[in-house]
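Shown next, in structure tokens, is the structure this report addresses.
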Amino acid sequence: MMGFPILTLITFLPVLGMIIILFLKKEQGNTIKYTTLAITAIQVVLAIILLTNYNYSAAGVYEERSFQFIEKFRWIEIGGISWLGTVKIDYFLGVDGLSMPMVLLTALISFIAAISSLNINHSLKGYFALFLLLDTGMMGVFVALDFFLFYIFWELMLLPMYFLIGIWGGPRKEYAAIKFFIYTLFGSIFILLVMIGLYFSATETLADGTKVFTFDLLQLMNSGNYTADGILSPLNPNNLRFVAYLALFVGFAIKIPMFPFHTWLPDAHVEAPTPISVILAGVLLKMGTYGILRISYPIFPDITRDLMWWIAIFGMVNIIYGAFVALAQKDFKKLIAYSSVSHMGYVLLGMASLTSTGVNGAIFQMFNHGTITAMLFLIVGVVYDRAHTRGLDDFGGLALQMPAYTGFVTVAFFATIGLPSMSGFISEALVFVGAFGVDSIRVITMISALGILLGAGYMLWTLQRIFFGPLNQKWATLKDIDSREYAMFIPLTIIIIFLGVYPSAMLDIMNTSVNTLVNFLHNNFTVSSISGL
Amino acid sequence: MAQVGLTHFLVVSSILFSLGIYGIITRKNAVMVLMGIELILNSANINFVAFSKYGNLGINGQIVALFVIVLAAAEAAIALAIVLNIYKTYANVNVDEIDHLKD
Amino acid sequence: MELNNLYQSINLILPEIVLSASLVILVLADLIFHKDKRLIPYIAGIGIAITGAFVINQFGISGFGFQSTSQSIRNYGLIAVDSFGVFFKLIVIASSILIIFFSLSSSEIRKIKDRVGEYYALIFGMILGMFFMISATDLILIYLSLELLSLSSYVLAGFTKLQDRNSEAALKYLLYGAVSSGLMLFGISLVYGLTGSTNLYVINSLIQGPHVNLFTLSLAIILIFAGIGYKISSAPFHFWTPDVYEGAPITITAFLSVASKSAGFALLIRFIKTTFVSYINDNGEWTLINVFDWQSVLIAISILTMTLGNFSALWQNNLKRMLAYSSIAHAGYLLLGLVVLTNQGLLAILIYFIVYLLMNLGAFLVVMLIANKINSEDIDDYNGIGYTSPLLGVSLAIFLISLTGLPPTAGFIGKLYLFVALVDVKMITVAVIALLNSVVSLYYYVRVLKHMYLSKATDSTPSIIPTFGTGILVLVLVIPVLVFGIYFGPLVNLAKSCLVIIGF
Amino acid sequence: MTESVLSTLSLIILFLPLLGFTVVILLGKRFPKLYLFEVAILTIAFILSVVVMYSKLAYYLNSDIISSFNWITIGAAPLAGVINIELGIKIDNVTVIMLFVVNLISMLVHIFSIEYMHGDQRYTRYFANLGLFTFSMLGIVLTHNLLMMYIFWELVGLSSYLLIGHWYEKKSAADAAKKAFIVNRIGDIGMFIGILILFTHYKTFTFDTIFAQISQGNIPFNSEAWLTAAGILVFMGAVGKSAQFPLHVWLPDAMEGPTPVSALIHAATMVAAGVYLVTRIFVMLTADAMLVIAVVGAFTSLVAATIALTQNDIKKVLAYSTVSQLGYMIMSLGVGAYVFAFFHLVTHAFFKACLFLGAGSVIHAMHHEQDIRNMGGLRKKLPLTYATFLISTIAISGIPLTSGFLSKDGILAGTLAFGKLTGHWLIPIMGFTVAAMTAFYMFRLVIMTFHGEPRDHHKYDHAHESPWVMVGPLVVLAALSIFIWYTPNPLSPDAGWFMKEWVKTPSTVVPESSRFEFMQSASHETEVHGEVVHSPLYTETMHWAHYPAMGMSILLAGLGILFAFLFYQWKKINADNLATKIKPLYNFSLNKWYLDEAYDATAISGTLNFSKILSWFDNKIVDGAVNGAAWLGRFISSLSGLFDTFVVDGLVNFTAFFSGFIGLAFRKLQTGKVQTYIVFVVFAVIILLLFFKPF
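The following block contains the structure:
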């Protein structure tokens, strides 16, 4: 393992960029743009370096020593007073199989979004500064291993997002922005409460043997660390773990977004500028599911086991419901937004299975949905930039006018449908395989399979309405995609197809961790493991 | 004839207190309101003195009363200055007409 | 009383003496340089600086001043000097210094430069009042200091007389304050009657006895609380706040919202802790004497205060008024720290005050700087101001975010510790109510951001480039808000070292 | 040549077309001549496949060649054991024959298209897609596991989508493409779930492993019901792909694609994939599953035949006859006549491809006229096309001396035997009826197209025989419709090497309790050099059935042809009068049993309306309810409104929704009158006292 603090670098590099930008003049538009581009590009390079040094057989999840690229030092330490033990918060970063794919995804999507941001044309300075701040927030969430740190990063994304939607957004941007803001804040408040509750329920034994309350996620995953009377301690006969789990779950579910907390998503997407939609769909939605996998699951395995059926139900509802609603949309971007709702449902379903296959599928689906949906939103952006409308019925026959564009669209759409040889298929298949293997949710899985059909339905219908049929003469002047857009589409296309043909490239990264996680979920916080203390 | 006892003082003081409140609430003229305030303060003074006398608490009570009287004077001075100021700006001193600052 | 006692008492009140001295000096200076009063502010500054030095010097010292020897077996004095008091005195000092700088850059104050001497003298009067409030342990001294503070602030509220609203504010403040202090005094008289003493410690020991008329006592307590509640502007004694804050010159508003509020809290905490706490266990949980149900009262009051403050703030269009309501709401949050009746709650309050000092003064400063230019605090005049004057825009944004309590700003840390205290004593419901409140508060804070950034700048939108001095001043407030958000160890350590209230 | 060489060769055959696709799709715009490269690739692939077939049949007649690798490694998964997903190919006789058929027809179609598609604006794209299709089809043929089957299954779906929609500027074409894909998806979901059942239980997708497990009595979730379910579900894939009732509706619409495409995909190969799939899983089909399959097949063939009777679009007729013939094959698998099913698959591939290409040649000559009512008399103009078309028609009608006769006769015999053994007589009855109808409508087609007098003289005069690139393939295919390639004895295929040597009914692995007693399993010691003959009873029943079936089929076919001539050649009976006499029946058939209308009315519009309702629900209720769980929805909206409007309106909105009093009360309190405030203070004191007085 390299001693070099690469995770800090990859996380805070954007902040550095932000500072640089703040020192630039308003007029140096291009300098600002290309600084951002460079920063994100470096981020990608760093991510690749991470990957090359990544140890595929290290599990992570709950044991600190098998995490990788760990950076841990005391961030805040407040001397003890008898009645309030030492308060200590660590600056604790590290990656394992659960976070590595997300780190890669974040770097990639930020880069793509940066390219797509090149045609932002007003108040660049603010835009790119916020953009980079957002980038830091996202990256931080995925590498933080201390609940407090995690929460800070989690909240850090809120404001940049609010402004990015609110200032550079569409007609109803204020509404969308405030709605996004309120929902997410509402969710994070629950997370905050649970965080405090956990803090008072578990102690960590320091080197000198003293026990102190802890925010350290890995310590919280150890049922041995819980105090006898903590409100969230399994040892406490009348603990509030169940309530806390629900609160936490809602907090994350809002980000996913899980039915019925999804209604902020369409508005946010429709109003947000293209690059921001890309980030929103590509990365932000993953934070919800990542949070559940990283925090809810390993800290509350007992409740998780009890509630898996319900999670599966919600997964199913997301899939079917999202698909149906998408089918009825008249707005291209709204349709994509709802398709995201549907596809995040697969992630939920896979996670609910609590099997290696399912969870592997879920994480892989998180990654794939990131790339594919990013591509879809870019596609919407392309046509919107040119035609300034997103109405599905305003188009027709674009395939004749923009063949290359149509080519990429076809790839993206069929990837969404889950066509084999594209990454989406593998993850969805794994999810189904995993979920189907569990007796209690087998029926749910079968019903969810309808999603495949509906998906094909709305996607192909869209394809036909916009691109096929006779060319609507109104668009006879539209240009086909330019080099900038090629630069966004080609990498995504390559990744989508490559992972479709050789999924192990991604699966092997997460496999060990996932197996460990699943093992952990089934064997910890059981009555025996607790009474055994 | 009956001895004048603590109770009598307390009754008087509470009557004064109530009158003070009543005056403050009902009077339009700022000066009258100030007088109401004076009444409250003095009702308190009566308490102090009475308690210190009948409770054999030494002279603390009386001293307090003196403090309060002085303070009341200072307060009155400032108050009247402000009322004067009000009169300059609004050409009257009706407290219930001075309500431009509100939601 | 023996001289040596008097002598050491003098030692204990050195800061107050310095203050009084500099007050006198200011008055004289005002007379001497009646032509050109440019020096006055600096004299004031020096005076405060010296006071500050003496206050810091008091760290670690603790003792009673002016102990009464007469008929009392215990020797508790009129004033108590302890680290708790020192902490609040520092808060006052800090805010006073900032206020002086504010005043230097405030156009309102510049307009009245011929009366600037009185202005600073009165400010010193306020400070002196606060100092005594903070350390008073005798009801009489409490009353006197409170009046001292009030009287000076009445005048200051209407000091500038530039607009009608100044004098109106003054009058309202006066009447309201006089009544509340009158009620308080009446309450004190009752307490005196019941216990025969006005010294908090004596009262504490006496009301532990069986034969106290509890009804009269609670009446007295509530009356006294009315007096204090009006100082910390907690519902239902807050009504003066919006009107006065809107009417008074903005420097004074800022000063009232931070300094006198902190003094009021210091008083409330000391009053409750010395008078009603019988025992504190190792976990820092307070056991109250069973005469008055402080906890429920405080819960009710604090929830009422924050809810009322937040919801009323929702549709304010005048920023000063909105900040007034927000400061009411914050009084509610601060009371939460007292509700739990633990040292941890106390800790939370202290931390919150440091944070509150920074962000609230900061917000007022920016509002003032903008008002200097457009002399209006109306939110619609803020449209697009974030673009035309970036520094102020961004800083105001940061202050408001911090007031909302979002990471990574200091405001989050303050709230965090409050909620930690609540969760620690398992008051989950209260915590949730408070959290929901902070969601509501988000609306009106974000609404300002919305006007500054999301609304297009019109040609009438001024571009305000702060002078070097004011720029520094803003940064002095912004940077800590951000730094403490990320690294708040020293903050908490400082607060922890200041929890000692003498007597227990 | 060693086995490894063989498998390498077949892999090369598999990936050559993909190479062609990639190169042409990427560079096609710049180098329009690249279509020749694509054609060349297919020729090579064909030659290789001949080599492979020869060497397989010559050297490894009775051994299967398998090569595979680990694709996805989950490793030792908790609670699930080791999960490794492997891909691989299996080369047995069926495979190599299919390889040959697919490559041959694909190559011929490529050649045919050079002329037919000449001047098309997306000429190279077209050839690229043909390449993609061939690749996917070969994948299906070669796979040795269900997953890979599903993967390529979807890929052929994609390529068929692209090819049907080749002329996407025509709305009908785009619609047809979409319909094809989605209808197939319905079947695929069933197939997918079926696969899931098998994988969940066996932790593998590989056919042989699964079958081995089953034969050891290890069946899914230890219930034969699940085994049946698995069989039927996987079969659903075939229902979609092979256009079986009720999912057959996409195939006729698919005729919107270019005719060579119809020939390759929608007649010869892709639609046969469904049949091929069933042959692959044949051994794990339980009795119930087989019965379902048989019924579906029989009914499909009947439905399609009845519809074909009245169609007037030359391609539509052929399309429905295809559906009908596919029904035949499925039915024959259902009744256990495995070999004949596969045999018919091959023969049908040739003559149906020939018919379609012939139709293509006609359409080409008639300048894209497809309605047979505007044709007629073309045999003078297009002699070669006519000849080949006629041969294929005879073949499909099942007249002796043709390949079609051999396979069809076998199938009918199979159904007859099945009827006798199980008492399901309805199936043979349907089978024979269809035989008659087939002969009738096919000859109706021939007569109306080539015989009689030209009806549209203008088009007729411009018609001319197509060039050799188009006629060549016709000749080849027609030649392949002659019996001689398959067996020396024109009356019985049993003598033929095809039957005797190459293709044999594999031994079923289904437990005794849940299979037809005539189905034999390897456990019985009746194996003759690797082949598992059916139980003696079955064999003799087949012999019993052989001649009756032959006789009847010839008779019925003859009748069909006779009536065709009576109606359309000699005009002895007036078709139109008859049509008007039985108007309802006629319309019923002409309108394809109103199935499309029915689907539109029920499934499709139902789904769309439901989706509309849900989206309304989403906007109004969910958004409303979740936001408004506590007034949040209106709160947000009116706040954002509030931001933009003056405070007065904002205030109105605010107090309006804010559950009345809070906002209102708070506002009312702040009157600005200091005395009021003081009143409040006094009251506050009193209230506090009342609430918190100690007793």
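Protein chains in written order, with my numbering: chain B, 1 to 533; chain W, 1001 to 1103; chain Z, 2001 to 2504; chain R, 3001 to 3695.
The C-beta atom is built at its ideal place from N, Cα and C for all residues, glycine as well.
Subject >> Interface flag, L3689 of chain R vs chain Z, CB-CB below 8 Å >> reply: yes
Original post:
So, is A374 of chain B buried or exposed, given that buried needs 16 or more other C-beta atoms within 10 angstroms?
Top reply: buried
Original post:
How would you write the range of the beta strand (DSSP E) that D90 of chain B sits in, first residue to last?
Top reply: 87-95
**OP:** Using a Cβ cut-off of 7 Å, pull out every chain Z residue sitting near A1073 of chain W, in sequence order please.
**Re:** The premise fails here: A1073 of chain W is roughly 11 Å from chain Z at the closest Cβ pair, so nothing lies under 7 Å.
**OP:** Please state if the CB of I231 of chain B and the CB of F200 of chain B are separated by a distance shorter than 8 Å.
**Re:** yes
Subject >> Per-residue contacts from V3682 of chain R into chain W (C-beta, under 8 Å) >> reply: I1021, I1025
Original post:
Going along the region 249-266 of chain B in order, which residues come within less than 7 Å of chain R, judged by CB to CB distance?
Top reply: P260, F261, T263
Original post:
Along chain Z, which residues have their Cβ under 7 Å away from the Cβ of K3693 of chain R?
Top reply: F2215, S2218
**OP:** Examine chain R for any beta-carbon lying closer than 8 Å to the beta-carbon of S2296 of chain Z, and answer yes or no.
**Re:** yes
Original post:
Any heavy atom of the ligand SAH closer than 7 Å to the CB of E3540 of chain R?
Top reply: Inclusion of the ligand SAH in the displayed structure is not the case, the ligand content being empty and no account of it being possible.
Subject >> is_contact[F3666 of chain R, chain Z] using C-beta, thresh 8 Å >> reply: yes
**OP:** Name the one or two DSSP bridge partners that D2138 of chain Z has.
**Re:** Z:N2199
Original post:
With contact counted as at least three CB pairs below 8 Å, one residue from each stretch, are the region 220-230 of chain B and the region 3580-3596 of chain R in contact?
Top reply: no
Original post:
From Z:I2502, Z:F2488, Z:S2497, Z:S2455, pick the residue whose C-alpha is nearest to that of W168 of chain B; which is it?
Top reply: Z:S2455
**OP:** Would you tell me roughly how many angstroms separate the C-alpha atoms of G197 of chain B and V2423 of chain Z, rounded to the nearest one?
**Re:** 7 Å
Original post:
Taking buried to mean at least 16 other C-beta atoms within 10 Å of its own C-beta, is P3536 of chain R buried or exposed?
Top reply: exposed
Original post:
When you compare only the Cα positions, how much space is there between F432 of chain B and L478 of chain B?
Top reply: 41 Å
**OP:** Give the residues of chain W in contact with I2328 of chain Z, contact being defined as C-beta atoms less than 9 Å apart.
**Re:** In chain order: nothing, as chain W lies at least about 13 Å away.
Original post:
Can at least three beta-carbon pairs, one atom from the region 2259-2266 of chain Z and one from the region 2086-2101 of chain Z, be found at a separation below 8 Å?
Top reply: yes
Original post:
Does any residue of chain R bring its CB to less than 8 Å from the CB of N1094 of chain W?
Top reply: no
Original post:
Thinking just about the alpha-carbon of each residue, which of Z:F2131, Z:R2038, Z:W2240 is nearest to the one in I2017 of chain Z?
Top reply: Z:F2131
Original post:
What residue does the alpha helix (DSSP H) around Q68 of chain B start on, and which one ends it?
Top reply: First-last for Q68 of chain B: 68-78, but that is the beta strand (DSSP E), not the alpha helix (DSSP H).
Subject >> chain W contact residues for K3612 of chain R, given Cβ-Cβ distances below 7 Å >> reply: What K3612 of chain R touches in chain W: nothing, since even the nearest Cβ is about 46 Å away.
Subject >> Partners in chain B for F2066 of chain Z, counting only beta-carbon separations shorter than 9 Å >> reply: Going along chain B, no residue has its Cβ under 9 Å from F2066 of chain Z, so there is no contact; the nearest lies around 31 Å.
**OP:** Check whether the region 289-297 of chain B touches the region 244-262 of chain B, taking contact to mean three or more Cβ pairs, one atom from each stretch, closer than 8 Å.
**Re:** yes
Original post:
Which residues, in chain order, does the region 3159-3182 of chain R contribute to contact with chain B at a C-beta distance below 9 Å?
Top reply: Y3161, L3162, G3165, Y3168, E3169, K3170, K3171, A3173, A3174, D3175, A3177, K3178, F3181, I3182
Original post:
What residues are listed by DSSP as bridge partners for G391 of chain B?
Top reply: B:D331
Subject >> A3557 of chain R burial status per 10 Å Cβ neighbour count (16 or more: buried) >> reply: buried
Original post:
Is the shortest distance between the beta-carbon of G166 of chain B and the beta-carbons of chain Z less than 8 Å?
Top reply: yes
**OP:** Between the Cα of F252 of chain B and those of B:S233, B:I191, B:D306, B:A228, spot the shortest distance and give me the residue it belongs to.
**Re:** B:I191
Original post:
What separation, rounded to the nearest whole angstrom, lies between the Cα atoms of G2345 of chain Z and L2336 of chain Z?
Top reply: 8 Å
**OP:** Kindly indicate which three-state DSSP category I3636 of chain R falls into: helix, strand or coil?
**Re:** Annotation note: pLDDT 49 at I3636 of chain R (below 50); position unreliable, no value reported.
**OP:** Answer with yes or no whether the minimum CB distance from L1137 of chain W to chain R is below 8 Å.
**Re:** The question about residue 1137 of chain W has no answer here: the residues shown for chain W are numbered 1001 through 1103.
Original post:
Interface residues of chain R around L1101 of chain W at Cβ under 7 Å?
Top reply: G3672
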